[in-house]
Amino acid sequence: MSATIADPRSPRTAVRRPGPNLEKWGWVYMRVSGVILVVLIFGHLFVNLMVGEGIHGIDFAFVAGKYATPFWQWWDVLMLWFALIHGANGMRTITNDYVTHPRIRRVLVWAIGLAAAFLILLGTLVVFTFDPCIGIENSTTEWLIEMCAAQ
Ligand code: HEM
Numbered sequence: 239m240s241a242t243i244a245d246p247r248s249p250r251t252a253v254r255r256p257g258p259n260l261e262k263w264g265w266v267y268m269r270v271s272g273v274i275l276v277v278l279i280f281g282h283l284f285v286n287l288m289v290g291e292g293i294h295g296i297d298f299a300f301v302a303g304k305y306a307t308p309f310w311q312w313w314d315v316l317m318l319w320f321a322l323i324h325g326a327n328g329m330r331t332i333t334n335d336y337v338t339h340p341r342i343r344r345v346l347v348w349a350i351g352l353a354a355a356f357l358i359l360l361g362t363l364v365v366f367t368f369d370p371c372i373g374i375e376n377s378t379t380e381w382l383i384e385m386c387a388a389q
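Its first residue numbered 239, the sequence shown is counted upward by one per residue in this note's numbering.
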């Protein structure tokens with residue numbers, strides 16, 4: 239009986255384009271932003287749901303109070319940016335893995351990028367331009383009414 243000898247495999251030729259390896263940095267970003275998101279998300283949940291009156295204390299005035307301080311403005315904006323870029327890059331990976339038609343894949347990846355960019359822009363604008371005194375006539379929160387009257 240003659241043994242069959244398999245053909246030797248052709249040597250692996252890595253397709254390596256010049257310039258930064260964006261896929262590698264995307265991979266690194268998912269891990270680094272994951273660690274940062276744990277701190278940002280659990281800090282956010284702890285302060286909103288556990289401290290003081292907890293979940294029962296959340297109303298318009300609570301949000302207005304948080305957005306009156308640059309610390310919470312930046313906390314929320316960082317959470318928004320890291321989570322949206324992380325989520326969009328994750329969706330891009332899934333799309334690249336599962337959508338086999340090249341043109342549909344390109345359209346979907348662009349749609350994900352545009353949606354993320356739009357939401358980042360909108361969210362950042364909302365956080366930094368938020369004015370708690372608009373619609374104050376409907377409020378019953380003493381400190382908010384006094385603060386807006388003093389402006
Ligand atoms: C607690 C904070 C989070 C941590 C620690 C975390 C961690 C990770 C890690 C390490 C990956 C890469 C997995 C892989 O390549 O196999 C990943 C993927 C992903 N993450 Fe997150 N993440 C967090 C929050 C979020 C949030 C808030 C979103 C949505 C906005 C999100 C959406 C995704 C998506 C869509 C993927 C791609 C899944 C895949 O490749 O199969 N993650 N996450």
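The beta carbon of each residue, even a glycine, is placed where N, CA and C say it ideally should be. Computed from a predicted model, the values in this text were never measured in an experiment.
Review point. Which residues bound the alpha helix (DSSP H) around residue 384?
Key: 380 to 387
Review point. On the three-state DSSP scale, how would you describe residue 288?
Key: coil
**Study point:** With 16 other Cβ atoms within 10 Å as the buried cut-off, status of residue 321
**Key:** buried
Check your understanding: Could you give the C-beta distance for residue 334 and residue 268, rounded to a whole number, given that I count them as a contact under 8 Å?
Key -> Rounded, the Cβ-Cβ distance is 14 Å, inconsistent with contact.
**Study point:** Beta-carbon contacts of residue 242 that lie in its chain and below 8 Å, excluding the five residues immediately before and after
**Key:** none
Check your understanding: Can residue 279 be considered in contact with the ligand HEM, in the sense that its beta carbon sits closer than 7 Å to one or more heavy atoms?
Key -> yes
Exercise for review: Identify whether residue 362 lies in helix, strand or coil by the three-state DSSP scheme.
Suggested key: helix
**Study point:** Contiguous alpha helix (DSSP H) assignments of at least 4 residues, all confined to the region 288 to 330
**Key:** 298 to 304
Exercise for review: Tell me whether the beta-carbon of residue 350 lies closer than 8 Å to the beta-carbon of residue 329.
Suggested key: yes
Point to revise | Residue from 336, 311, 375 and 264 with nearest C-alpha to residue 367 | key: 311
Review point. Hey, would you say the C-beta of residue 328 is under 7 Å away from at least one heavy atom of the ligand HEM?
Key: yes
Check your understanding: Taking 7 Å as the line, does the beta carbon of residue 254 fall inside it for any heavy atom of the ligand HEM?
Key -> no
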